[in-house]
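Chemist: In the working numbering, the protein residues as written are 27 to 298.
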DNA sequence: CGAACCTCCTGCGGGC
DNA sequence: TGCCCGCAGGAGGTTC
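Shown next as structure tokens:
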């Protein structure tokens, strides 16, 4: 479900409820996520949050006494703020008690996400995070980085920009959208995309992600922010899930194909 | 190394 | 109405 804008929207939503507060309790109701949820995190009750960060699609909750929680929402995960009296829902797997009768609830029907605890040290050095590429909205991501990643690859450019070791946070929606705005067909072999076009692609990725964050992310089916509200960037999508509909730019029907087992959308007229 | 394919899991919508 | 099929915002693993 969530790509970078949705994870960032979640981060911004939960941060004010977590920062400088201590968990009053932690309850693990289901351990079977992508990696087993360590039940020892229940013993982190009393630990205070010192930062709520994002790295790619991972959330990092830093605690006093040195440890961090690493949270990933997978395809169907969400984090919501609820009242402790609110009825629990199916798939509410981890419940973090907060001051003032609130709770942070990790909900994930498909269980592709994860909740881990790093007891000490820099969580960015955790094996899951260590090899991640640059943040797309930072200066570390530019056309020369992308050019280096594309150089020897015959794979479609779409697959390269979705590779988290190249750049983090670009998932299936924003890959198609960014390529549309850059005027590049998704299937183009990465090594055949010229440098000026890579410049445009970098700018398109930045603009699309930033614009989506401003709208609270994209809700296709079930994404909700920490208050249970959907995101509104769906209305600004140009190609994703618009197969057969007229291109918002030229009117030609939006095309659809499966690329690397993922649905892919583009305009054959606007993208070359 | 890269590329193609598979897998984890639940829920939902479409077709019959 | 019900059942079966395919598909879904991720990402790690295997094989060649």
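Ideal placement from N, C-alpha and C gives every residue a C-beta, glycine not left out.
Going by alpha carbons, who is nearest to residue 43 out of 102, 123, 150?
Modeler: For the purposes of this step, residue 43 is taken as residue 17 along the first chain, with counting starting at 1. Per the Cα distances, 123.
Chemist: Touching or not, the segment 173-180 and the segment 138-156, by the rule of three or more beta carbon pairs under 8 Å?
Modeler: Result no; under three Cβ-Cβ pairs closer than 8 Å.
Chemist: Apart from the five residues on each side of it in sequence, which residues of its chain come closer than 6 Å, Cβ to Cβ, to residue 81?
Modeler: As a working mapping, residue 81 is identified with position 55 in the first chain. Only 155 meet the Cβ criterion.
Chemist: With a threshold of 16 other CB atoms inside 10 Å of the CB of residue 254, please say whether the residue is buried or exposed.
Modeler: The count along the first chain starts at 1 and reaches residue 254 at position 228. Exposed, by the Cβ-count rule.
Chemist: Could you have a look at residue 297 and say whether DSSP puts it in helix, strand or coil?
Modeler: Looking up residue 297 in the first chain gives position 271. Residue 297 falls in the coil class under three-state DSSP.
Chemist: Specify whether the segment 55-69 and the segment 119-138 touch according to this definition: at least 3 beta carbon pairs, one from each stretch, less than 8 Å apart.
Modeler: Yes, the segment 55-69 is in contact with the segment 119-138.
Chemist: For residue 46, which option in 33, 206, 78 has the closest C-alpha, if you only look at C-alpha atoms?
Modeler: Within the first chain, numbered from 1, the residue matching residue 46 stands at position 20. Among 33, 206, 78, the Cα nearest to that of residue 46 belongs to 78.
Chemist: Quick one: Cα of residue 289 to Cα of residue 271, how far?
Modeler: If you number the first chain from 1, residue 289 lands on position 263. If you number the first chain from 1, residue 271 lands on position 245. Their backbone Cα atoms lie some 15 Å apart in a straight line.
Chemist: Using only the alpha-carbon positions, how far apart do residue 9 and residue 194 sit?
Modeler: What the structure shows of the chain is the stretch from 27 to 298, and residue 9 is not part of that stretch, so it cannot be assessed.
Chemist: Could you name the residues of the same chain whose beta carbon sits closer than 8 Å to that of residue 285, not counting the 5 residues immediately before and after it, in chain order?
Modeler: Residue 285 sits at position 259 when you count from the first residue of the first chain. If we look at residue 285 and ignore the five residues flanking it on each side, its Cβ neighbours are 182, 184, 185, 212, 213.
Chemist: Considering only residues of the same chain and omitting the five flanking positions on each side of residue 159, which have a CB-CB separation below 7 Å?
Modeler: Locating residue 159 in the first chain gives position 133, counting from the first residue. Contacts found: 190, 191, 192, 193, 194.
Chemist: On the three-state DSSP scale, how would you describe residue 8?
Modeler: The structure shown does not extend to residue 8, since the chain is modelled only from 27 to 298, so the question has no answer here.
Chemist: Go through its chain and collect everything with a Cβ distance to residue 19's Cβ below 6 Å, but skip five positions before and after it.
Modeler: Outside the shown range of the chain (27 to 298) lies residue 19, about which nothing can therefore be said.
Chemist: I'd like the list of long-range same chain contacts for residue 146, defined as Cβ closer than 7 Å, with 5 residues on each side in sequence excluded.
Modeler: By 1-based counting over the first chain, the position of residue 146 is 120. Closer than 7 Å at Cβ, skipping near neighbours: 92, 93.
Chemist: Since residue 104 contacts residue 249 with CB under 8 Å, what's their CB separation in whole angstroms?
Modeler: Sequence index remark: in the first chain, residue 104 carries index 78 (1-based). Sequence index remark: in the first chain, residue 249 carries index 223 (1-based). Their Cβ separation, rounded to whole angstroms, is 7 Å, which keeps residue 104 and residue 249 in contact under 8 Å.
Chemist: Taking all protein chains shown into account, do 16 or more other C-beta atoms lie within 10 angstroms of the C-beta of residue 308, making it buried, or fewer, making it exposed?
Modeler: Shown here, the chain extends from 27 to 298; a query on residue 308 therefore has no answer.
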